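If you read the sequence shown in the numbering used here, its first letter stands for residue 3, the second for the next number, and so on. Note that CB positions come from ideal geometry on N, CA and C, so glycine has one too. These numbers were taken from a predicted model, which means no experiment stands behind them. Heads up, the thing below is written out as structure tokens.
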Amino acid sequence: MAKARFERVKPHVNVGTIGHVDHGKTTLTSAITKYL
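Here you go:
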């Protein structure tokens, strides 16, 4: 049996954030993820 080919619909993005506590890192990452 042949395996089904996986096709990615969304781009694969790796995002790294650095910052202090309560400066919006999670909010920024969440907004970027929803946009993509």
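Item                                                                                    : Value
Cβ-Cβ separation, residue 27 to residue 19 (assumed contact under 8 Å), whole Å         : 5 Å
Residue 34: first and last residue of the uninterrupted alpha helix (DSSP H) it sits in : 27-37
Reference residue 32, options 23, 17, 5, closest by Cα                                  : 17
Rounded separation between residue 44 and residue 37 - CA only                          : Past the boundaries of the shown model lies residue 44; the chain is included only from 3 to 38, so the question cannot be answered.
Rounded C-alpha distance that separates residue 96 from residue 35                      : What is shown of the chain runs 3 to 38, which leaves residue 96 out entirely.
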